[in-house]
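Student: Once you've had a glance at the structure underneath, I'll fire off some questions.
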Amino acid sequence: MRDASDPAPVLHLRQATRLSRRILADRLSVPEDEWRLRLVQRRGSHGGSLVFAARRRGEEAASFAVKLFARPDHARAEFRAAAAARGSAAAVAEPVGFDPEAGIVVSRWVEGETMGALVRRPGAAAPVAACGRWLRAFHRPLPARPVSARRVLLQRLAAARAEPIRPGPEREAWLRAAEALAQRIGAMSPGWCWPVRIHGDFLPQNLILSGRSPVGVDLCWVRAGSRHLDLARMTIHLLLLPRERGLPSDYDGAALRHLFLRAYGLRGGQARHWLEAAEAVEILVRWASFCREDTWHRRQAGRDLVRALAADRELVR
Ligand SMILES: Nc1ncnc2c1ncn2[C@@H]1O[C@H](COP(=O)(O)OP(=O)(O)OP(=O)(O)O)[C@@H](O)[C@H]1O
Ligand SMILES: [Mg+2]
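In the numbering used here, the protein residues as written are 2 to 318.
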């Protein structure tokens, strides 16, 4: 556990604020001391990405978002993906500038609530359907060679296996489940399909409802790929949300999953078959990530539910 008097996170934050002001001043020709920054997102106490809302002195509302990446190459990827998505029917936060060395992206502030907040409240159906429609528009076919859905899923599973889980019986259970799933997927047909532009981390907190239209953020994982990865990331998230306290008593993850897929317009037996395989992989990805959570409570809350889901889908014996 981190020592509460550890100065590193505070120093990191101060440095980040200073750097962000400098980049805003550079890119927008407004002096550094004109900018007021508010931290809106902090991943990990230090070393993760930070997002600030930036407003000019005298103005009430934020006009820019400044994101500092833990990995500078992700800043470049995010900026490029956002620039390429300009004018698309699936709106994204407008990129303003980036600094490759500092790993910072500045984009226009999107006023509104994240879908992440909206799905946790009564009346989640409309925001979930909006997520499905946005994703449909975002999944633009790309002029690239066909990809094998089987290969994509095996790669995703292999990436999850490469990330360490602490040794113990749970790790053994996870590894057995991953091995069995790899064999199951390995025995499927190659599933050739045309690649589309995928978001790569399609979770509700990465969409902001601005007025009536969703706007996408967090674009550093955008790439050509198989649509099932984005779909499964969202559907399994909806099924695992009841691990959190404070959801409405009538929250129904299975019904929201169904609604999301209907709004997306997923049709046909083959598409469903690959979606289920992608969901099985995503269940293992989430299981592993719960095992890595740093507090006992967060670890436990997710694990019980994800193991129940894995048992339900016959991923564990
Ligand atoms: N342009 C923007 N306008 C308004 N809010 C934004 C903007 N960009 C980011 N945010 C807010 O900051 C949050 C985190 O941003 P983002 O998802 O890009 O960072 P992240 O560190 O990759 O997050 P995570 O890993 O949790 O998905 C978003 O959920 C959103 O609330
Ligand atoms: Mg995000």
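Even for Gly, the Cβ is constructed at its ideal location relative to N, Cα and C.
In its own chain, which residues sit with a C-beta less than 6 Å from the C-beta of R44, not counting the 5 before and 5 after it?
Tutor: Only S50 meet the Cβ criterion.
Student: So within the region 257-308, which uninterrupted alpha helix (DSSP H) runs reach at least 4 residues, ignoring any that extend past its ends?
Tutor: Correct list: 270-292.
Student: Are there any heavy atoms of ligand 2 lying less than 8 Å away from the beta-carbon of V218, as far as the coordinates show?
Tutor: Yes, since a heavy atom of ligand 2 falls inside the 8 Å radius drawn around the Cβ of V218.
Student: Given this structure, state the Cα-to-Cα distance separating F53 from G187, to the nearest angstrom.
Tutor: Using only the alpha carbons, I get a separation of about 44 Å.
Student: Quick one: is the Cβ of F50 within less than 8 Å of any heavy atom of ligand 1?
Tutor: Checking the displayed sequence, the identity of residue 50 turns out to be Ser instead of Phe. The answer is yes for S50.
Student: Between G104 and ligand 1, is the CB less than 8 Å from at least one heavy atom?
Tutor: G104: no, Cβ never under 8 Å from ligand 1.
Student: Among all the DSSP beta bridges, which residues are the ones paired with T115?
Tutor: Answer by DSSP bridge pairing, in chain order: I209.
Student: Strictly under 9 Å for the Cβ-Cβ distance: is G133 near chain C by that measure?
Tutor: In the structure shown, chain C does not exist; there is a single protein chain.
Student: What is the residue span of the alpha helix (DSSP H) that P73 lies within?
Tutor: Here the alpha helix (DSSP H) through P73 covers 73-85.
Student: Can at least three beta-carbon pairs, one atom from the region 190-198 and one from the region 144-151, be found at a separation below 8 Å?
Tutor: Taking 8 Å as the limit for Cβ pairs, the verdict is that the region 144-151 does touch the region 190-198.
Student: Ordered along the chain, which non-local residues of its own chain (more than five positions away) have a Cβ less than 8 Å from that of R162?
Tutor: Contacts found: L176, A179.
Student: I'd like to confirm the pairing. Which residues does DSSP put opposite R57 in its beta bridges?
Tutor: Paired residue(s): W36.
Student: Contact defined as beta carbons within less than 8 Å: I believe E173 pairs with C292. What is the distance between those atoms, to the nearest angstrom?
Tutor: Their Cβ separation, rounded to whole angstroms, is 12 Å, which puts E173 and C292 out of contact at 8 Å.
Student: Give the range of the alpha helix (DSSP H) segment to which R49 is assigned.
Tutor: Note on identity: in this sequence residue 49 is Gly, with Arg being the wrong assignment. Segment: none, G49 is in no alpha helix (DSSP H) and carries neither H nor E.
Student: In its own chain, which residues sit with a C-beta less than 7 Å from the C-beta of W110, not counting the 5 before and 5 after it?
Tutor: Cβ within range, chain order: A54, A63, S64, F65, A66.
Student: Please list the terminal residues of the continuous beta strand (DSSP E) segment that includes D100.
Tutor: Looking at the DSSP string, the run of the beta strand (DSSP E) that includes D100 is 96-100.
Student: Would you list the one or two residues that DSSP bridges to Q42?
Tutor: BP columns for Q42 point to V52.
Student: Ligand 4 and L158: does the residue's C-beta get closer than 8 Å to at least one heavy atom of that ligand?
Tutor: Looking for ligand 4 in the displayed structure turns up nothing; the ligands present are ligand 1 and ligand 2.
Student: Should D231 be labelled buried (16 or more other beta-carbon atoms within 10 Å of its own) or exposed?
Tutor: With 16 or more other Cβ atoms within 10 Å, it is buried.
Student: Is any non-hydrogen atom of ligand 1 found closer than 8 Å to the C-beta of V111, if you look at the structure I gave you?
Tutor: Correct: V111 has its Cβ closer than 8 Å to ligand 1.
Student: Tell me the DSSP secondary structure of G319 in three-state form.
Tutor: Outside the shown range of the chain, which is 2 to 318, sits residue 319, and nothing can be said about it.
Student: Once the 5 residues before and after E114 are set aside, which same chain residues still bring their CB inside 6 Å of it?
Tutor: Closer than 6 Å at the Cβ level, and outside the excluded window around E114, lie L210.
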